[in-house]
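Novice: Supplied in C-alpha coordinates, the structure appears directly below.
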Amino acid sequence: MNLDNIRIVLVNTSHPGNIGGVARAMKNMGLSRLYLVEPRQYPHEKATWRAASALDVLEGAVVTGALDEAIADCQFVVGTSARGRRIPWPLLDPRHCAERVADLSGREQVAILFGREDRGLTNEELKVCNLHLNIPTSAHYSSLNLAMAVQIVCYELRMLLDADRLSAAEDAQWDAAFATRDNMERFYIHLEETLIDIGFLDPAAPRQLMARLRRLYSRVRLDEMELNILRGILTETQKFAPRDDGLKVD
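Rendered as C-alpha coordinates:
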(Lines of atoms letter the chains of each structure in order from A; the text may use other names.)
(Lines give C-alpha, C1' and ligand atoms only; values in the text may rest on other atoms or scores of the structure.)
Protein backbone atom coordinates (compact mmCIF):
# COMPACT_ATOMS: atom_id res chain seq x y z
CA MET A 1 0.00 0.00 0.00
CA ASN A 2 1.13 3.54 -0.74
CA LEU A 3 -0.82 6.14 1.24
CA ASP A 4 0.69 8.90 -0.90
CA ASN A 5 -1.29 7.52 -3.84
CA ILE A 6 -4.61 7.77 -1.99
CA ARG A 7 -6.52 11.04 -1.95
CA ILE A 8 -9.65 11.97 0.00
CA VAL A 9 -11.99 14.10 -2.08
CA LEU A 10 -14.75 16.16 -0.45
CA VAL A 11 -17.44 17.35 -2.84
CA ASN A 12 -19.26 20.63 -2.20
CA THR A 13 -18.84 20.49 1.59
CA SER A 14 -21.25 22.81 3.41
CA HIS A 15 -19.66 23.28 6.82
CA PRO A 16 -16.03 24.41 7.07
CA GLY A 17 -15.68 22.70 10.44
CA ASN A 18 -16.19 19.37 8.72
CA ILE A 19 -13.26 20.09 6.41
CA GLY A 20 -11.02 20.66 9.43
CA GLY A 21 -12.38 17.52 11.08
CA VAL A 22 -11.59 15.49 7.97
CA ALA A 23 -8.02 16.84 7.88
CA ARG A 24 -7.55 15.74 11.47
CA ALA A 25 -9.05 12.30 10.81
CA MET A 26 -6.73 11.84 7.85
CA LYS A 27 -3.60 12.83 9.75
CA ASN A 28 -4.52 10.46 12.60
CA MET A 29 -4.31 7.60 10.12
CA GLY A 30 -1.35 8.85 8.08
CA LEU A 31 -3.11 10.18 4.97
CA SER A 32 -2.24 13.64 3.72
CA ARG A 33 -3.76 14.26 0.28
CA LEU A 34 -6.99 16.23 0.65
CA TYR A 35 -8.96 17.58 -2.33
CA LEU A 36 -11.86 20.00 -1.98
CA VAL A 37 -14.34 20.31 -4.83
CA GLU A 38 -16.25 23.60 -4.68
CA PRO A 39 -16.35 23.93 -0.88
CA ARG A 40 -19.02 26.40 0.14
CA GLN A 41 -16.89 28.09 2.79
CA TYR A 42 -13.13 27.71 2.55
CA PRO A 43 -10.71 28.94 3.77
CA HIS A 44 -12.47 29.51 7.07
CA GLU A 45 -11.47 29.89 10.71
CA LYS A 46 -13.76 27.02 11.72
CA ALA A 47 -11.86 24.68 9.43
CA THR A 48 -8.57 25.81 10.95
CA TRP A 49 -9.87 25.39 14.50
CA ARG A 50 -11.22 21.89 13.88
CA ALA A 51 -8.04 20.75 12.14
CA ALA A 52 -6.11 21.14 15.43
CA SER A 53 -2.66 19.60 14.82
CA ALA A 54 -3.41 18.72 11.20
CA LEU A 55 -2.94 22.17 9.73
CA ASP A 56 -0.36 20.80 7.30
CA VAL A 57 -3.01 18.55 5.76
CA LEU A 58 -5.52 21.40 5.67
CA GLU A 59 -3.11 23.94 4.20
CA GLY A 60 -1.96 21.42 1.60
CA ALA A 61 -5.51 20.80 0.38
CA VAL A 62 -6.09 21.16 -3.36
CA VAL A 63 -9.20 23.18 -4.16
CA THR A 64 -10.87 22.56 -7.53
CA GLY A 65 -13.91 23.95 -9.28
CA ALA A 66 -15.14 20.60 -10.55
CA LEU A 67 -14.93 16.93 -9.66
CA ASP A 68 -13.26 16.09 -12.97
CA GLU A 69 -10.29 18.25 -12.02
CA ALA A 70 -9.85 16.49 -8.69
CA ILE A 71 -9.76 12.99 -10.16
CA ALA A 72 -8.40 13.58 -13.67
CA ASP A 73 -5.17 11.64 -13.05
CA CYS A 74 -6.75 8.83 -11.01
CA GLN A 75 -7.01 5.25 -12.29
CA PHE A 76 -9.44 4.06 -9.60
CA VAL A 77 -12.25 6.05 -7.99
CA VAL A 78 -14.40 5.02 -5.02
CA GLY A 79 -17.63 6.84 -4.22
CA THR A 80 -19.34 6.68 -0.84
CA SER A 81 -23.04 5.96 -1.09
CA ALA A 82 -25.64 5.62 1.66
CA ARG A 83 -28.44 4.24 -0.48
CA GLY A 84 -29.12 1.69 -3.18
CA ARG A 85 -29.17 2.73 -6.80
CA ARG A 86 -31.57 1.93 -9.62
CA ILE A 87 -28.68 0.46 -11.60
CA PRO A 88 -26.62 -1.89 -9.37
CA TRP A 89 -22.96 -0.93 -8.99
CA PRO A 90 -20.08 -2.84 -7.38
CA LEU A 91 -20.54 -2.14 -3.65
CA LEU A 92 -18.25 -2.93 -0.70
CA ASP A 93 -18.09 -2.17 3.01
CA PRO A 94 -15.11 -0.13 4.36
CA ARG A 95 -13.03 -3.18 5.33
CA HIS A 96 -13.24 -4.94 1.99
CA CYS A 97 -12.97 -1.67 0.12
CA ALA A 98 -9.77 -0.86 2.01
CA GLU A 99 -8.30 -4.17 0.87
CA ARG A 100 -9.02 -3.26 -2.75
CA VAL A 101 -7.64 0.26 -2.36
CA ALA A 102 -4.54 -1.00 -0.55
CA ASP A 103 -3.76 -3.36 -3.40
CA LEU A 104 -4.24 -0.80 -6.16
CA SER A 105 -2.55 2.13 -4.42
CA GLY A 106 0.83 0.48 -4.75
CA ARG A 107 0.81 1.26 -8.47
CA GLU A 108 -2.18 3.54 -9.19
CA GLN A 109 -3.67 6.85 -8.11
CA VAL A 110 -6.81 6.22 -6.04
CA ALA A 111 -9.50 8.70 -5.03
CA ILE A 112 -12.16 8.18 -2.38
CA LEU A 113 -15.07 10.57 -2.77
CA PHE A 114 -17.31 11.89 -0.01
CA GLY A 115 -20.40 13.91 -0.89
CA ARG A 116 -22.42 16.70 0.62
CA GLU A 117 -23.48 16.47 4.24
CA ASP A 118 -27.19 16.61 3.40
CA ARG A 119 -27.44 14.46 0.27
CA GLY A 120 -24.12 12.81 -0.47
CA LEU A 121 -22.92 12.32 -4.03
CA THR A 122 -25.27 12.77 -6.98
CA ASN A 123 -26.05 9.96 -9.37
CA GLU A 124 -23.90 11.63 -12.01
CA GLU A 125 -20.95 11.82 -9.62
CA LEU A 126 -21.35 8.20 -8.63
CA LYS A 127 -21.32 7.15 -12.28
CA VAL A 128 -17.67 8.17 -12.61
CA CYS A 129 -16.71 5.74 -9.81
CA ASN A 130 -15.32 2.26 -10.31
CA LEU A 131 -16.70 1.13 -6.97
CA HIS A 132 -19.24 2.28 -4.42
CA LEU A 133 -18.56 2.20 -0.69
CA ASN A 134 -21.26 1.89 1.95
CA ILE A 135 -20.66 2.19 5.69
CA PRO A 136 -23.08 -0.12 7.56
CA THR A 137 -25.07 1.66 10.28
CA SER A 138 -28.04 1.01 12.52
CA ALA A 139 -31.35 1.22 10.71
CA HIS A 140 -32.60 3.40 13.57
CA TYR A 141 -30.01 6.13 12.93
CA SER A 142 -27.96 5.95 9.78
CA SER A 143 -26.61 9.51 9.59
CA LEU A 144 -22.83 9.84 9.93
CA ASN A 145 -20.87 13.05 10.36
CA LEU A 146 -18.57 13.62 7.38
CA ALA A 147 -15.38 13.48 9.43
CA MET A 148 -16.58 10.29 11.14
CA ALA A 149 -17.17 8.63 7.77
CA VAL A 150 -13.70 9.61 6.56
CA GLN A 151 -12.19 8.37 9.83
CA ILE A 152 -13.78 4.92 9.41
CA VAL A 153 -12.40 4.50 5.90
CA CYS A 154 -8.95 5.80 6.82
CA TYR A 155 -8.85 3.57 9.90
CA GLU A 156 -9.40 0.45 7.80
CA LEU A 157 -6.52 1.49 5.56
CA ARG A 158 -4.31 2.09 8.60
CA MET A 159 -5.10 -1.32 10.04
CA LEU A 160 -4.03 -2.99 6.80
CA LEU A 161 -0.84 -0.96 6.68
CA ASP A 162 0.09 -1.84 10.27
CA ALA A 163 -1.19 -5.43 10.28
CA ASP A 164 2.24 -7.09 10.33
CA ARG A 165 3.63 -4.70 12.94
CA LEU A 166 0.61 -5.08 15.22
CA SER A 167 0.74 -8.86 14.97
CA ALA A 168 4.45 -8.92 15.76
CA ALA A 169 3.97 -6.53 18.68
CA GLU A 170 1.20 -8.70 20.12
CA ASP A 171 3.42 -11.77 20.04
CA ALA A 172 6.45 -9.92 21.38
CA GLN A 173 4.64 -8.44 24.38
CA TRP A 174 3.47 -11.77 25.80
CA ASP A 175 5.55 -12.57 28.87
CA ALA A 176 5.39 -16.38 28.92
CA ALA A 177 5.24 -19.27 26.50
CA PHE A 178 1.85 -20.78 25.86
CA ALA A 179 1.11 -24.06 27.63
CA THR A 180 1.96 -27.28 25.81
CA ARG A 181 -0.70 -29.85 25.07
CA ASP A 182 0.98 -32.29 27.48
CA ASN A 183 0.85 -29.80 30.34
CA MET A 184 -2.77 -28.98 29.54
CA GLU A 185 -3.65 -32.67 29.83
CA ARG A 186 -1.93 -32.82 33.21
CA PHE A 187 -3.99 -29.81 34.26
CA TYR A 188 -7.27 -31.46 33.20
CA ILE A 189 -6.41 -34.58 35.20
CA HIS A 190 -5.58 -32.43 38.22
CA LEU A 191 -8.77 -30.39 37.78
CA GLU A 192 -10.97 -33.46 37.54
CA GLU A 193 -9.36 -35.01 40.60
CA THR A 194 -9.87 -31.83 42.62
CA LEU A 195 -13.52 -31.49 41.61
CA ILE A 196 -14.11 -35.06 42.75
CA ASP A 197 -12.31 -34.37 46.04
CA ILE A 198 -14.52 -31.41 46.89
CA GLY A 199 -17.69 -33.22 45.85
CA PHE A 200 -18.46 -31.02 42.86
CA LEU A 201 -18.03 -33.81 40.32
CA ASP A 202 -19.66 -37.20 40.71
CA PRO A 203 -17.60 -39.65 38.62
CA ALA A 204 -20.66 -41.92 38.42
CA ALA A 205 -22.66 -39.15 36.74
CA PRO A 206 -20.21 -36.67 35.22
CA ARG A 207 -22.84 -35.01 32.96
CA GLN A 208 -20.23 -33.81 30.42
CA LEU A 209 -18.74 -31.49 33.04
CA MET A 210 -15.12 -32.11 32.07
CA ALA A 211 -15.91 -31.82 28.37
CA ARG A 212 -17.47 -28.42 28.97
CA LEU A 213 -14.54 -27.30 31.13
CA ARG A 214 -12.14 -28.41 28.41
CA ARG A 215 -14.10 -26.31 25.95
CA LEU A 216 -13.98 -23.35 28.33
CA TYR A 217 -10.21 -23.44 28.77
CA SER A 218 -9.64 -24.15 25.08
CA ARG A 219 -11.30 -20.87 24.16
CA VAL A 220 -8.49 -19.02 25.94
CA ARG A 221 -4.88 -20.02 25.35
CA LEU A 222 -3.30 -20.41 28.78
CA ASP A 223 0.39 -19.67 29.10
CA GLU A 224 2.67 -21.70 31.35
CA MET A 225 2.62 -19.12 34.14
CA GLU A 226 -1.19 -19.02 34.18
CA LEU A 227 -1.30 -22.80 34.12
CA ASN A 228 1.06 -23.00 37.11
CA ILE A 229 -1.15 -20.57 39.03
CA LEU A 230 -4.22 -22.71 38.39
CA ARG A 231 -2.34 -25.88 39.34
CA GLY A 232 -1.26 -24.17 42.55
CA ILE A 233 -4.86 -23.23 43.38
CA LEU A 234 -5.96 -26.83 42.79
CA THR A 235 -3.18 -28.16 45.02
CA GLU A 236 -4.12 -25.82 47.86
CA THR A 237 -7.80 -26.67 47.44
CA GLN A 238 -7.04 -30.38 47.78
CA LYS A 239 -5.43 -29.78 51.17
CA PHE A 240 -8.83 -28.86 52.59
CA ALA A 241 -10.71 -31.74 51.00
CA PRO A 242 -10.43 -35.29 52.32
CA ARG A 243 -9.88 -37.64 49.41
CA ASP A 244 -9.62 -41.33 48.69
CA ASP A 245 -6.39 -42.82 47.39
CA GLY A 246 -6.38 -42.64 43.64
CA LEU A 247 -4.45 -41.26 40.77
CA LYS A 248 -1.74 -38.94 41.94
CA VAL A 249 -0.99 -35.83 39.99
CA ASP A 250 2.64 -35.28 39.05
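Take 1 as the starting number for the sequence shown in UniProt numbering and just add one per residue. Every residue, glycine too, gets a C-beta built ideally from N, C-alpha and C.
Check whether the segment 172 to 186 and the segment 223 to 235 touch, using three or more Cβ-Cβ pairs below 8 Å as the test.
Specialist: At 8 Å Cβ cutoff, the stretches touch.
Novice: Tell me whether the beta-carbon of residue 76 lies closer than 9 Å to the beta-carbon of residue 131.
Specialist: A contact, by the Cβ cut-off of 9 Å.
Novice: At which residues does the beta strand (DSSP E) containing residue 35 begin and terminate?
Specialist: First-last of the beta strand (DSSP E) with residue 35: 33 to 37.
Novice: Does the beta carbon of residue 237 sit closer than 9 Å to a beta carbon anywhere in chain C?
Specialist: Here chain C cannot be found, since the structure has a single protein chain.
Novice: Leaving out five residues on either side along the sequence, give the residues of the same chain with a beta carbon under 8 Å from the beta carbon of residue 93.
Specialist: Hits under 8 Å: 133, 134, 135 and 136.
Novice: Report the rounded CA-to-CA distance for residue 95 versus residue 112, giving the unit in angstroms.
Specialist: In a straight line, the C-alpha of residue 95 is about 14 Å away from that of residue 112.
Novice: Using 8 Å as the Cβ pair cut-off and three pairs as the minimum, do the segment 143 to 150 and the segment 19 to 28 touch?
Specialist: Counting Cβ pairs under 8 Å, three or more are found: they touch.
Novice: Is the distance from the Cβ of residue 55 to the Cβ of residue 154 below 9 Å?
Specialist: No, these two residues do not count as a Cβ contact at 9 Å.
Novice: Which same chain residues, not among the five before or five after residue 213, have their C-beta less than 7 Å away from its C-beta?
Specialist: Excluding residues within five positions, the ones whose Cβ falls inside 7 Å are 191.
Novice: Pick helix, strand or coil for residue 162, following the three-state DSSP scheme.
Specialist: If DSSP states are grouped into helix, strand and coil, residue 162 belongs with coil.
Novice: Please state whether the Cβ-Cβ distance between residue 67 and residue 125 is less than 9 Å.
Specialist: Result yes, Cβ atoms of residue 67 and residue 125 sit closer than 9 Å.
Novice: Taking DSSP as the reference, what is the three-state secondary structure of residue 7?
Specialist: In the structure shown, residue 7 sits in a strand (DSSP, three-state: E or B).
Novice: DSSP has residue 53 in a bridge; who is on the other side?
Specialist: None; residue 53 has no bridge partner.
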